[in-house]
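Numbering (full-length UniProt numbering), first residue to last: 1 to 151.
Here's what the structure looks like:
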């Protein structure tokens, strides 16, 4: 029966992801952030990435959408770019004081959203869900990389 496809893990995870995105976007908007900004902001804050290429890799998005997001973030005063002294074609990206000041509240908002969404889940269930999703993501990455390899 075709309705079975609506009960598959892939479909249910997609629905959950869209629900988390809607909730997060609504709660982050007053802070001037979008949900897609958070991986970039955290990576910049923690020194895990400082170029567009590295940020795209960190956030697991393609270069063109990352370039568009960084342009909007720069326009909105969240990041600043400066020439990369080691590579004239690249820019070093850093957080602005505005973004640094708002980031702790944004993280708190996201954590509260997760807490609200997981209401009624025990700590053990939440830990198990995170573990299962982490394994699922690793499997998907492995399948995707095997699929993209030349044959």
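Just so you know, even glycine gets a beta-carbon here, dropped at the ideal spot from N, CA and C.
Outcome for residue i when other beta-carbon atoms lying within 10 angstroms are tallied against a minimum of 16
i: residue 33; result: buried
i: residue 108; result: exposed
i: residue 102; result: buried
i: residue 140; result: exposed
DSSP bridge partner residues for residue i (one or two, in chain order)
i: residue 94; result: 80
Contact set for residue i: own chain, Cβ-Cβ below 6 Å, skip 5 residues either direction
i: residue 38; result: none
Contacts around residue i, its chain only, beta-carbon distance under 7 Å, and the 5 residues preceding and following it disregarded
i: residue 49; result: 43, 55 and 58
Residues near residue i by beta carbon distance below 8 Å, same chain, minus five either side
i: residue 84; result: 51, 90, 91 and 92
- Query: Where in the UniProt domain "HTH marR-type" (1-138) do unbroken runs of the beta strand (DSSP E), each at least 3 residues long, occur, reported from the N-terminal end onward?
  - Reply: 79-84 and 87-95
- Query: Given 8 Å as the limit, is there contact between the stretch 21-28 and the stretch 77-92, that is, 3 or more CB pairs closer than that?
  - Reply: Too few Cβ pairs lie closer than 8 Å, so no.
- Count the CB pairs spanning the stretch 115-133 and the stretch 39-47 that are closer than 8 Å, and state whether there are at least three. Short answer: they don't touch.
- Is the stretch 127-138 touching the stretch 101-114, taking contact as three or more C-beta pairs under 8 Å? Taking a cut-off of 8 Å for Cβ pairs, the stretch 127-138 and the stretch 101-114 do not touch, as fewer than three such pairs fall below it.
- Message: Contact between the stretch 7-17 and the stretch 52-59 is defined here as three or more beta-carbon pairs at a separation below 8 Å; is this criterion met?
- Response: Contact between the stretch 7-17 and the stretch 52-59 is not established, with fewer than three Cβ pairs separated by less than 8 Å.
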